[in-house]
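Novice: Everything in the sequence shown is counted per our numbering, starting at 416 for the first residue and increasing by one. No residue lacks a Cβ here, since even glycine has one placed at the ideal position from N, Cα and C.
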Amino acid sequence: MQIGTGYDDLAHWFSSGKKANAFVIHPPRLNFEKKIPAPPGEGFLGVYSSGSTGKPKLIWWDLKALHSNCSKYSNAAGWTWATCFQPWSFAGVHLACQAHISGGKVLSLGHDWQINHSILQQNKPQALSVTPTFIDLLIQSRKSSKSTDWSPRQISIGGEILNASTGTRIQSAYPSSRITLIYGSAEAGVIAKTTRHDGWYPLTSIQKRFEDFKFADNHLFLKRQGQWIPTHDLCEIRTDHFRPVGRLDRIMNIGGEKVSLDEIESVAESFPEVRRASANSIPNAIVGQIVSLKLEAAVAEADDALLETILNKMRKQLSKPAWPRWCEWGNIQDTNNGKKSCDTGAQKI
Numbered sequence: 416m417q418i419g420t421g422y423d424d425l426a427h428w429f430s431s432g433k434k435a436n437a438f439v440i441h442p443p444r445l446n447f448e449k450k451i452p453a454p455p456g457e458g459f460l461g462v463y464s465s466g467s468t469g470k471p472k473l474i475w476w477d478l479k480a481l482h483s484n485c486s487k488y489s490n491a492a493g494w495t496w497a498t499c500f501q502p503w504s505f506a507g508v509h510l511a512c513q514a515h516i517s518g519g520k521v522l523s524l525g526h527d528w529q530i531n532h533s534i535l536q537q538n539k540p541q542a543l544s545v546t547p548t549f550i551d552l553l554i555q556s557r558k559s560s561k562s563t564d565w566s567p568r569q570i571s572i573g574g575e576i577l578n579a580s581t582g583t584r585i586q587s588a589y590p591s592s593r594i595t596l597i598y599g600s601a602e603a604g605v606i607a608k609t610t611r612h613d614g615w616y617p618l619t620s621i622q623k624r625f626e627d628f629k630f631a632d633n634h635l636f637l638k639r640q641g642q643w644i645p646t647h648d649l650c651e652i653r654t655d656h657f658r659p660v661g662r663l664d665r666i667m668n669i670g671g672e673k674v675s676l677d678e679i680e681s682v683a684e685s686f687p688e689v690r691r692a693s694a695n696s697i698p699n700a701i702v703g704q705i706v707s708l709k710l711e712a713a714v715a716e717a718d719d720a721l722l723e724t725i726l727n728k729m730r731k732q733l734s735k736p737a738w739p740r741w742c743e744w745g746n747i748q749d750t751n752n753g754k755k756s757c758d759t760g761a762q763k764i
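1. Could you check what DSSP says for residue 665 in three-state terms: helix, strand or coil?
2. Taking residue 586 as part of the alpha helix (DSSP H), name the residues at either end of that continuous run.
3. Please check the pair residue 580 and residue 685, which I expect to be a contact at CB under 8 Å, by giving their CB distance rounded to whole angstroms.
4. To the nearest angstrom, how far is it from the Cα of residue 468 to the Cα of residue 437?
5. Can you tell me whether residue 724 is helix, strand or coil according to DSSP?
6. Which of the three DSSP states, helix, strand or coil, is assigned to residue 422?
7. Determine contact between the region 502 to 519 and the region 479 to 493, defined as no fewer than three beta-carbon pairs at a distance below 8 Å.
8. Taking the Cβ atom as the reference point for each residue, do residue 617 and residue 609 lie within a distance shorter than 8 Å?
9. Within a Cβ cutoff of 6 Å, which residues of the same chain sit near residue 444, ignoring the five residues on either side of it in sequence?
10. Would you identify the three-state DSSP class for residue 549, choosing helix, strand or coil?
11. Where does the unbroken beta strand (DSSP E) through residue 733 begin, and where does it stop?
12. Short of 7 Å in beta carbon distance, which residues of its chain neighbour residue 669, apart from the five on each side in sequence? Order them along the chain.
13. So is residue 626 buried or exposed if we call it buried at 16+ other beta carbons inside 10 Å?
14. Taking 8 Å as the cut-off, does the region 672 to 691 touch the region 710 to 718 (at least 3 CB pairs, one atom from each stretch)?
15. Comparing alpha-carbon positions, which option in 663, 681, 499 and 452 lies nearest residue 572?
16. Return the CA-CA distance between residue 596 and residue 602, expressed in angstroms with no decimal places.
17. Assign residue 658 to one of two classes, buried (16 or more other C-beta atoms within 10 Å of its C-beta) or exposed (fewer than that).
18. Which same chain residues end up closer than 7 Å to residue 422 when comparing Cβ atoms and leaving out the 5 residues on each side of it in sequence?
19. Considering only residues of the same chain and omitting the five flanking positions on each side of residue 507, which have a CB-CB separation below 6 Å?
20. Looking at the structure shown, is residue 529 part of a helix, part of a strand, or coil, going by DSSP?
21. Return the residue from the list 656, 590, 673 and 527 that minimises the CA-CA distance to residue 663.
22. Look up residue 644 in the DSSP assignment and say whether it is helix, strand or coil.
23. Kindly give me the distance between the Cβ atoms of residue 682 and residue 733, rounded to whole angstroms, as I take these residues to be in contact under 8 Å.
24. Could you give the first and the last residue of the continuous alpha helix (DSSP H) run that contains residue 678?
25. Could you spell out the range, first to last residue, of the beta strand (DSSP E) harbouring residue 619?
26. Hey, how far is the Cα of residue 530 from the Cα of residue 623?
27. Could you spell out where the beta strand (DSSP E) holding residue 571 opens and where it closes?
28. In whole angstroms, give me the CA-to-CA distance for residue 716 and residue 651.
29. On the CB-based measure, 16 or more other CB atoms within 10 Å of its CB, does residue 678 come out buried or exposed?
30. Going along the chain, which residues of its own chain have a beta-carbon closer than 6 Å to the beta-carbon of residue 643, five neighbours each way excluded?
31. Mind checking which residues open and close the beta strand (DSSP E) that includes residue 513?
32. Quick one: is residue 491 buried, meaning 16 or more other Cβ sit within 10 Å of its Cβ, or exposed?
33. Taking only three categories from DSSP, how would you classify residue 692?
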């Protein structure tokens with residue numbers, strides 16, 4: 416078994432031809448347990464879950480299965496892919512595999528926006544693979560960047576729920592780019608794809624990849640090799656489309672009503688004065704839990720009066736149990752994979 420931590424390590428293993436050896440790509444700070452056995456067979460790659468529900472865990476993927484989810488377009492040959500996804504995540508591994516089969520390479524982007532714009536301007540990658548949070552901040556930081564004429568041919572978005580307002584901003588900022596929304600996980604792989612910008616996926620996209628699927632109390636389950644796989648995602652369902660609206664561990668029960676913290680964030684981020692939002696639950700002696708909310712301002716004049724105005728508008732769109740009871744302006748941190756951190760310490764207003 417071989418191990419590595421970066422995209423260069425992945426590229427070397429993909430091109431070495433030694434697929435009989437299992438390979439594990441892992442975070443540099445994680446102590447990899449070498450005693451974990453690889454599945455029997457050849458060409459298995461070990462990647463890590465995002466760890467959003469706890470400690471990241473190792474997931475084994477057959478290289479043939481990874482290849483089956485990659486697009487094999489001749490016009491993408493030799494492309495450079497710029498990404499915020501870490502190489503040990505499923506999204507990062509999927510992207511590295513895509514770059515390998517098309518004879519391309521991967522560029523890593525970080526948290527310094529001026530450096531990111533410089534990398535993009537100098538290299539002019541044909542494709543961008545990012546989270547909604549990352550590309551939204553990239554777009555907003557373009558105003559202070561000296562060079563803004565770069566535009567990718569392809570933008571792939573995944574890792575988080577895409578709010579309709581964010582999708583509109585992306586489409587407006589990159590009108591000539593082809594935008595693909597990818598829904599997937601380390602455990603299930605690519606679940607669905609769409610070129611819509613509002614977060615809705617066709618049910619037929621699931622049918623292409625799984626034996627069957629079902630919704631139980633709006634919780635999506637997928638069937639593969641006779642086994643039902645829970646996605647832990649709450650979904651909204653239409654006749655022929657579905658839309659993930661929140662993780663089950665991000666659903667609160669307030670007064671017998673289910674409240675989605677992701678939905679609250681989506682409503683808050685629909686206001687132009689809000690760059691992004693982070694909703695959480697905090698204990699309450701009377702009702703058990705209440706919603707707290709931190710807003711990162713997109714304007715200079717962010718004061719208590721504007722905060723109250725936004726909250727009053729939010730109350731008209733949300734059920735009463737979902738109203739934020741604690742709120743403040745503040746900065747919201749990013750995780751290593753370009754996702755929005757859910758940590759907040761909001762204050763009462």
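Specialist: The relevant details are as follows:
1. By one-based count along the sequence shown, residue 665 stands at place 250. Three-state result, residue 665: helix.
2. Taking the sequence shown and counting its residues from 1, one reaches residue 586 at position 171. Residue range 579 to 588 is occupied by the alpha helix (DSSP H) that includes residue 586.
3. Against the sequence shown, residue 580 aligns to sequence position 165. Against the sequence shown, residue 685 aligns to sequence position 270. The Cβ separation is near 4 Å, so the contact holds.
4. On the sequence shown, residue 468 is found 53 positions in, with the first residue counted as 1. On the sequence shown, residue 437 is found 22 positions in, with the first residue counted as 1. Because residue 468 sits at a pLDDT of 46, beneath the cut-off of 50, its placement in the model cannot be relied upon, and the following sentence gives the value as read from the coordinates. Their backbone Cα atoms lie some 26 Å apart in a straight line.
5. Residue 724 sits at position 309 when you count from the first residue of the sequence shown. In the structure shown, residue 724 sits in a helix (DSSP, three-state: H, G or I).
6. Your numbering for residue 422 matches position 7 in the sequence shown. Here residue 422 sits in helix by DSSP.
7. yes
8. Along the sequence shown, one-based indexing puts residue 617 at 202. Along the sequence shown, one-based indexing puts residue 609 at 194. Contact: yes.
9. Looking up residue 444 in the sequence shown gives position 29. For residue 444, where only same-chain residues beyond five positions count, there are no Cβ hits under 6 Å.
10. To locate residue 549, count along the sequence shown from 1; it is residue 134. Helix at residue 549.
11. Here residue 733 corresponds to residue number 318 of the sequence shown, with the count starting at 1. Segment: none, residue 733 is in no beta strand (DSSP E) and carries neither H nor E.
12. Translated into positions along the sequence shown, residue 669 becomes position 254. Once the five neighbours on either side are set aside, the close Cβ partners of residue 669 are 702, 704 and 736.
13. Position 211 of the sequence shown, counting from 1, holds the residue named residue 626. Residue 626 should be labelled exposed.
14. yes
15. Residue 572 sits at position 157 when you count from the first residue of the sequence shown. Ranking 663, 681, 499 and 452 by Cα distance to residue 572 puts 499 first.
16. By 1-based counting over the sequence shown, the position of residue 596 is 181. By 1-based counting over the sequence shown, the position of residue 602 is 187. Cα to Cα, residue 596 sits roughly 18 Å from residue 602.
17. Residue mapping note: residue 658 aligns to position 243 of the sequence shown, counting from 1. Result: buried.
18. What you label residue 422 is simply residue 7 of the sequence shown in a count that begins at 1. Hits under 7 Å: 502, 511, 521 and 523.
19. The count along the sequence shown starts at 1 and reaches residue 507 at position 92. Excluding positions up to five away in sequence, the list reads 500 and 501.
20. Numbered from 1 along the sequence shown, position 114 holds the residue referred to as residue 529. Three-state DSSP puts residue 529 in a helix.
21. As a position in the sequence shown, residue 663 is number 248, starting the count at 1. Ranking 656, 590, 673 and 527 by Cα distance to residue 663 puts 673 first.
22. Position 229 of the sequence shown, counted from the start, is the residue given in the question as residue 644. In this structure, residue 644 counts as strand in the three-state DSSP scheme.
23. On the sequence shown, residue 682 is found 267 positions in, with the first residue counted as 1. On the sequence shown, residue 733 is found 318 positions in, with the first residue counted as 1. At roughly 6 Å, the Cβ-Cβ gap stays under 8 Å, so residue 682 and residue 733 are in contact.
24. One-based indexing of the sequence shown puts residue 678 at position 263. Residues 676 to 683.
25. Taking the sequence shown and counting its residues from 1, the one referred to as residue 619 is at position 204. It is not in any beta strand (DSSP E) - residue 619 instead sits in the alpha helix (DSSP H) that spans 618 to 622.
26. Taking the first residue of the sequence shown as 1, we reach residue 530 at position 115. Taking the first residue of the sequence shown as 1, we reach residue 623 at position 208. For the pair residue 530 and residue 623, the Cα-to-Cα distance works out to about 39 Å.
27. Within the sequence shown, numbered from 1, the residue matching residue 571 stands at position 156. Counting along the chain, the beta strand (DSSP E) containing residue 571 begins and ends at 569 to 572.
28. Stepping through the sequence shown from its first residue, residue 716 is reached at position 301. Stepping through the sequence shown from its first residue, residue 651 is reached at position 236. About 36 Å.
29. Your numbering for residue 678 matches position 263 in the sequence shown. It is buried - the Cβ of residue 678 has at least 16 other Cβ atoms within 10 Å.
30. Within the sequence shown, residue 643 is the residue found at index 228, counting from 1. Cβ neighbours of residue 643 beyond the five flanking positions: 636.
31. Working through the sequence shown from its first residue, we reach residue 513 at position 98. Note, residue 513: premise wrong, no beta strand (DSSP E); alpha helix (DSSP H) at 505 to 516.
32. Locating residue 491 in the sequence shown gives position 76, where the first residue counts as 1. Classification for residue 491: buried.
33. Start at 1 with the first residue of the sequence shown, and residue 692 comes out as number 277. Of the three classes helix, strand and coil, the one that applies to residue 692 here is strand, per DSSP.
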